[in-house]
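Under my numbering, the first residue of the sequence shown carries the number 1, and numbering increases by one thereafter.
We put the beta carbon where it would ideally sit given N, CA and C, even for glycine.
Have a look at the structure below, then the notes.
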Amino acid sequence: MQMPEPSQAIMNQRDALAVALRQIVGQEWVISDEAERRPYQCDGITAYMAMPLLVVLPGSAAEVQQILRLCHEKGVKVVPRGSGTSLSGGALPLEDGILLVTSRLCNVLEVDAANRVARVQPGVPNIKISEAVQHLGLCYMPDPSSQLISTIGGNVAENAGGVHCLKYGVTANHILGLEAVLMTGEILHLGGAYLGAAEGELDLMGVLTGSEGLLAMVTEIAVRLEPVPEVARVISMSFPSVEEACACVGAIVGAGIIPAGLEFMDRKVLDAVSVLIRETFDSSTAALLLCELDGTAVEVDALVDVVSDVARAQGAIETKVSTTEEERQRIWSSRKLAFSAIGKLCPDYYCTDGTIPRNKLPEVLNKMADMSVKYGLDYANCFHAGDGNLHPIIMYDAAKPGDLEKAEAFGADVLIACVDAGGVLSGEHGVGVEKRDLMTHQFTEIDLNQQQMVKCAFDPAELLNPGKVFPTACRCAEFGRMHVRNGAVRFPDIPRF
Numbered sequence: 001m002q003m004p005e006p007s008q009a010i011m012n013q014r015d016a017l018a019v020a021l022r023q024i025v026g027q028e029w030v031i032s033d034e035a036e037r038r039p040y041q042c043d044g045i046t047a048y049m050a051m052p053l054l055v056v057l058p059g060s061a062a063e064v065q066q067i068l069r070l071c072h073e074k075g076v077k078v079v080p081r082g083s084g085t086s087l088s089g090g091a092l093p094l095e096d097g098i099l100l101v102t103s104r105l106c107n108v109l110e111v112d113a114a115n116r117v118a119r120v121q122p123g124v125p126n127i128k129i130s131e132a133v134q135h136l137g138l139c140y141m142p143d144p145s146s147q148l149i150s151t152i153g154g155n156v157a158e159n160a161g162g163v164h165c166l167k168y169g170v171t172a173n174h175i176l177g178l179e180a181v182l183m184t185g186e187i188l189h190l191g192g193a194y195l196g197a198a199e200g201e202l203d204l205m206g207v208l209t210g211s212e213g214l215l216a217m218v219t220e221i222a223v224r225l226e227p228v229p230e231v232a233r234v235i236s237m238s239f240p241s242v243e244e245a246c247a248c249v250g251a252i253v254g255a256g257i258i259p260a261g262l263e264f265m266d267r268k269v270l271d272a273v274s275v276l277i278r279e280t281f282d283s284s285t286a287a288l289l290l291c292e293l294d295g296t297a298v299e300v301d302a303l304v305d306v307v308s309d310v311a312r313a314q315g316a317i318e319t320k321v322s323t324t325e326e327e328r329q330r331i332w333s334s335r336k337l338a339f340s341a342i343g344k345l346c347p348d349y350y351c352t353d354g355t356i357p358r359n360k361l362p363e364v365l366n367k368m369a370d371m372s373v374k375y376g377l378d379y380a381n382c383f384h385a386g387d388g389n390l391h392p393i394i395m396y397d398a399a400k401p402g403d404l405e406k407a408e409a410f411g412a413d414v415l416i417a418c419v420d421a422g423g424v425l426s427g428e429h430g431v432g433v434e435k436r437d438l439m440t441h442q443f444t445e446i447d448l449n450q451q452q453m454v455k456c457a458f459d460p461a462e463l464l465n466p467g468k469v470f471p472t473a474c475r476c477a478e479f480g481r482m483h484v485r486n487g488a489v490r491f492p493d494i495p496r497f
């Protein structure tokens, strides 16, 4: 994985730049000491590291505005960062760029229960939004597994999903308004703090959501709140084979049921989490599905019966249905602990997130088994089965020469298989640097040029999070070129701006 060559001229300006930035945010909020910068040298994908030029923690949108304006004037690159849970290298620092961290922008600014809207700063952890409104019987539905620490600003940057996004939609479906700062320091206000605020506008909120910090720095978000469901119950379904579990996923949705969540765990994950939850699983279980159903009590009771019947018809060995909220949380604990449990089985693991049509699950999972043999690396599967969002966990040892390269190649082959099966490179983790060099497998050169033109419209100097998403530099100057021949332009009667 290659990143743009750092500018030694910019790196030589570190001390002077630190002085200028401290005048904006205060002495203690610019981290320049090497030992103190070291914890920021990677995000959730620890295979890639770089020491940031400086780490800056602004305390307001006005400070973000001044920081970006200063960096624009001096030609300094900027990488936005929330809590650093990105699994695609989206917040990987640059040696000649500052890391702009939202940790201090961590307030729930306003809750409007009547309109079911909350205004929040980007550094607010996802779970804190629901905690701030639970006394009102409301919640924020998108719930990535990292919701205890991942920030809403990072969720917007990656268009994060989560367990409940099968029924309720991803982050983009829950954003009503954004305040964002361009690299020039100009502030954008898009949408607003009420449903329908963005109607009649160009969908720039849709452009910014999932843009991975390449276009602007988000400084405020208006999120849509939902009533907490009256009842939620989860069904645990054990299957003797991966193929039967995958078939059940399609059968449930084919029966006209859209669960709140529908998750898959293979035997390796079950064995890993059993130690943590102190519960054993039937020895004949090869895969487990967790299906959550929510709504009114009458509706949920009826759906539980239908899903249980579907599961048995698809070969389920056993079905367990939660009867209390405590039991529901206990059943879900196996899924929530999956990734930390796998971390106890191997020195390192590499997780990617291609997405495929549900009916392609058995085909792609069987290909993964072949890839495991090809590369000599073990793997486990724990993913959002309902929307086909795979999260293969490839186990390796970074201390062993060649293991990282094999894990990367294994992951790339999985993603290529996803695209070839009619899917996409990413469901929620984003492209970052991890999938950047595979973009040409999903998109044509024309597709990528069009996307890069959007980048150039927002950030023509290419200073915001460069080296991410696109496999080549954007060449913004070329997109605005005009061909002149013999001193004459074509169609001289058309007004030029």
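**Request:** Measure the beta-carbon distance from Cys246 to Leu166 and round it to whole angstroms, keeping in mind my assumption that it falls under 8 Å.
**Result:** No, Cys246 and Leu166 are not in contact; Cβ-Cβ is about 15 Å, not under 8 Å.
**Prompt:** Would a C-beta distance cut-off of 8 Å place Asn389 and Gly161 closer than the cut-off?
**Reply:** A contact, by the Cβ cut-off of 8 Å.
**Prompt:** By how many angstroms is the C-alpha of Ala398 removed from the C-alpha of Gly97?
**Reply:** If I take the Cα positions, the gap works out to 27 Å.
**Asked** Are the segment 137-145 and the segment 188-201 touching by the rule of at least three beta carbon pairs closer than 8 Å?
**Response** Touching, no, given that fewer than three Cβ pairs across the two stretches are closer than 8 Å.
**Item:** Close Cβ partners of Glu63 (< 6 Å) along its chain, the five nearest in sequence each way excluded
**Value:** The residues are Ile24, Val25.
**Item:** For Glu462, the nearest candidate out of Ala198, Arg14, Ile67, Val78 (CA to CA)
**Value:** With respect to the C-alpha of Glu462, the residue from Ala198, Arg14, Ile67, Val78 having the closest C-alpha is Val78.
**Prompt:** Residue ranges of each alpha helix (DSSP H) run of no fewer than 4 residues wholly in the segment 161-213, ordered along the chain?
**Reply:** Qualifying alpha helix (DSSP H) stretches, in chain order: 165-168, 204-208.
**Request:** Give every residue of the same chain whose Cβ lies closer than 8 Å to the Cβ of Thr440, excluding the five residues on either side of it in the sequence, and list them in chain order.
**Result:** The answer, listed in chain order, is Leu448, Pro471.
**Prompt:** Taking the DSSP output, what are the residues bridged to Gly295?
**Reply:** Val231.
**Item:** Neighbour-count burial assignment, His429, 16 or more Cβ in a 10 Å radius
**Value:** His429 is buried by the Cβ-count criterion.
**Message:** Please classify Ser283 as buried or exposed, where buried requires at least 16 other C-beta atoms within 10 Å of its C-beta.
**Reply:** Under this definition Ser283 is an exposed residue.
**Prompt:** Which of the three DSSP states, helix, strand or coil, is assigned to Cys139?
**Reply:** Cys139 carries a strand assignment under DSSP once its states are collapsed to helix, strand and coil.
**Message:** Runs of 3 residues minimum, wholly inside the segment 364-407: which ones carry the beta strand (DSSP E) assignment?
**Reply:** Here the runs fully enclosed are 379-384, 392-396.
**Asked** Roughly how many whole angstroms lie between the Cα atoms of Phe497 and Ala457?
**Response** Bear in mind that a pLDDT of 40 at Phe497, under 50, signals an unreliable position, so the number given afterwards is only what the model happens to contain. Here the alpha carbon of Phe497 sits roughly 15 Å from the alpha carbon of Ala457.
**Prompt:** Which class does Tyr350 belong to by DSSP, given the choice of helix, strand or coil?
**Reply:** When secondary structure is reduced to three states using DSSP, Tyr350 falls in the strand class.
**Request:** Within its chain, find whatever has a CB closer than 7 Å to the CB of Gly210; leave out the 5 residues flanking it on each side and keep chain order.
**Result:** Within the same chain, Gly210 has close Cβ partners Glu158, Asn159, Ala172.
**Message:** Does the segment 265-274 come into contact with the segment 304-313, if we say contact requires no fewer than three beta-carbon pairs (one atom in each stretch) closer than 8 Å?
**Reply:** Counting Cβ pairs under 8 Å, fewer than three are found: no touch.
**Message:** Using only CA atoms, which one of Cys248, Ile331, Gly185, His135 lies nearest to Pro227?
**Reply:** Cα-wise, what sits closest to Pro227 is His135.
**Item:** Member of Gly354, Glu73, Ile317, Thr102 whose CA lies at the smallest distance from the CA of Val55
**Value:** Comparing Cα-Cα distances from Val55 to each of Gly354, Glu73, Ile317, Thr102, the minimum goes to Thr102.
**Asked** Nearest CA to the CA of Met3: which residue from Cys476, Glu478, Cys474, Gly467?
**Response** That would be Gly467, whose Cα lies nearest to the Cα of Met3.
**Prompt:** So the alpha helix (DSSP H) Glu318 belongs to, where does it begin and stop?
**Reply:** Note, Glu318: premise wrong, no alpha helix (DSSP H); beta strand (DSSP E) at 318-321.
**Message:** Closest to Tyr350 by C-alpha separation, out of Ile175, Arg38, Lys435, would be which residue?
**Reply:** Of Ile175, Arg38, Lys435, the residue nearest in Cα terms is Lys435.
**Asked** Between the segment 331-340 and the segment 362-374, are three or more C-beta pairs nearer than 8 Å?
**Response** Contact between the segment 331-340 and the segment 362-374 is absent, because fewer than three Cβ pairs lie under 8 Å.
**Asked** In the segment 231-277, which residue ranges form an unbroken beta strand (DSSP E) of at least 3 residues, counting only runs that do not cross its ends?
**Response** List check, beta strand (DSSP E) in window: 231-239, 261-266.
**Request:** Report the partner residues of Gly97 according to the DSSP bridge assignment.
**Result:** Lys77.
**Asked** Can you give the beta carbon distance from Gln442 to Val414, rounded, assuming they're within the 8 Å contact cut?
**Response** Separation of the CB atoms of Gln442 and Val414 is rounded to 14 Å, and the pair is thereby denied contact status at 8 Å.
**Asked** Just to confirm, are Ala222 and Ala180 a CB contact at a threshold of 8 Å?
**Response** At the C-beta level, Ala222 and Ala180 stay beyond 8 Å of one another.
**Prompt:** Do Ala421 and Glu363 have their C-beta atoms closer together than 8 Å?
**Reply:** Going by beta carbons, Ala421 and Glu363 fall inside the 8 Å limit.
**Request:** Can you tell me the Cβ-Cβ gap for Val433 and Met51, rounded? I've got them flagged as a contact below 8 Å.
**Result:** In fact, because the Cβ distance is near 16 Å, the residues do not count as touching under 8 Å.
**Message:** According to DSSP, simplified to helix, strand and coil, what is Asp33?
**Reply:** In the structure shown, Asp33 adopts coil according to DSSP, grouped into three states.
**Item:** Own chain partners of Phe328 with C-beta closer than 6 Å, once the 5 adjacent residues on each side are dropped
**Value:** Reading the sequence as shown, one finds Arg at residue 328 and not Phe. Closer than 6 Å at Cβ, skipping near neighbours: Val234, Ser322.
**Message:** If you follow the alpha helix (DSSP H) that Val512 is in, where does it begin and where does it stop?
**Reply:** The structure shown does not extend to residue 512, since the chain is modelled only from 1 through 497, so no value can be given for it.
**Asked** Which residue's Cα is closest to the Cα of Thr151: Thr85, Gln314, Glu405?
**Response** Distance check between Thr151 and each of Thr85, Gln314, Glu405 places Thr85 closest, using alpha-carbon atoms only.
**Item:** Residues sharing a beta bridge with Leu54, DSSP
**Value:** The partner list for Leu54 (beta bridge, DSSP) reads Ile98.
**Asked** Taking 7 Å as the line, does the beta carbon of Lys406 fall inside it for any heavy atom of the ligand FMN?
**Response** Among the components modelled here there is no ligand, and therefore nothing to report on the ligand FMN.
**Request:** Would you decide whether Ile393 is buried or exposed? Buried here means 16 or more other CB atoms lie within 10 Å of its CB.
**Result:** Label assigned to Ile393: buried.
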